[in-house]
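Worksheet: one structure, shown below.
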Amino acid sequence: EAAVTQSPRSKVAVTGGKVTLSCHQTNNHDYMYWYRQDTGHGLRLIHYSYVADSTEKGDIPDGYKASRPSQENFSLILELASLSQTAVYFCASSDRGGDGAETLYFGSGTRLTVL
Amino acid sequence: GEQVEQLPSILRVQEGSSASINCSYEDSASNYFPWYKQEPGENPKLIIDIRSNMERKQIQELIVLLDKKAKRFSLHITDTQPGDSAMYFCAASRPNYNVLYFGSGTKLTVEP
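Order-wise, the sequence lines are chains W and C. Just so you know, the first sequence maps onto residues 1 to 115 in my numbering. Just so you know, the second sequence maps onto residues 1001 to 1112 in my numbering.
Here's what the structure looks like:
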């Protein structure tokens, strides 16, 4: 089965601090994604990438940066963490589909609490 | 991006009965509609999907229906079991666009 590993599993950060969430996949997938999960909002796309050294904005990119230094690694960076960024963050990967999207394989999630 | 609406947000059913979750989308070009199940403390996992060249798909107790004209799709779980209790997310994607847009989720509880 496809493997997507996130670190850390949980983190407590202070308002205004910098937070980096890491994701590593061993699936040889082209696409990687960062989603945020909040109660009542489901899964919202923050950033995604389809090739190393390139990232794309999703629906809610404000306050977040992303970095894809290699096919296997995709990071989410909060330069100035805010209370509103308290959430569970999921990384996912998928293969390039012939006609659009394919199955997403999610990591176990990172629970971020900003105080 | 695509907007996906999902209802209901909370659903309680008795064991052995059926459960139905409904989703709608905005972009008529969307052509791929998966459903993900997330058990408590776990990550979401794909359980069934349907593409726009189909109207119905069934995998065991899971049935997905797609009405392209109305831009609606739905998940039906027949003969529900306690193990079906989880969060369910619908999603949609457009052709040649490898991004899924998710609904807000339905928390299903199957009561014994």
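All C-beta atoms in this analysis are idealised placements derived from N, C-alpha and C, irrespective of residue type, glycine included.
Item, Value
"To which residues of the same chain is I1063(C) closer than 6 Å at the C-beta, ignoring the five residues directly before and after it?", "H1076"
"Can the beta-carbon of R96(W) be found less than 8 Å from the beta-carbon of D30(W)?", "yes"
"Taking Cβ-Cβ distances shorter than 8 Å, what residues in chain W pair up with P1044(C)?", "L43, F90, L104 and F106"
"Which term fits G16(W), buried or exposed, when burial requires 16 or more other beta carbons within 10 angstroms of its beta carbon?", "exposed"
"Hey, is Y48(W)'s beta-carbon within less than 8 Å of any beta-carbon in chain C?", "yes"
"Going along the chain, which residues of the region 1018-1047 of chain C sit with their C-beta nearer than 7 Å to a C-beta in chain W?", "N1031, Y1032, N1043, P1044 and L1046"
"Ends of the beta strand (DSSP E) at P1008(C)?", "Here P1008(C) belongs to no beta strand (DSSP E), and DSSP marks it neither H nor E."
"Can you list, in chain order, the residues of its chain whose CB lies under 7 Å from that of Q1081(C), leaving out five sequence neighbours each side?", "E1015 and V1110"
"Using the Cα positions of N1031(C) and V14(W), report the straight-line distance between them to the nearest angstrom.", "42 Å"
"Rounded to whole angstroms, how far is the Cβ of L115(W) from the Cβ of Y1101(C), which I believe are closer than 8 Å?", "Contact flag wrong, Cβ pair sits at about 31 Å."
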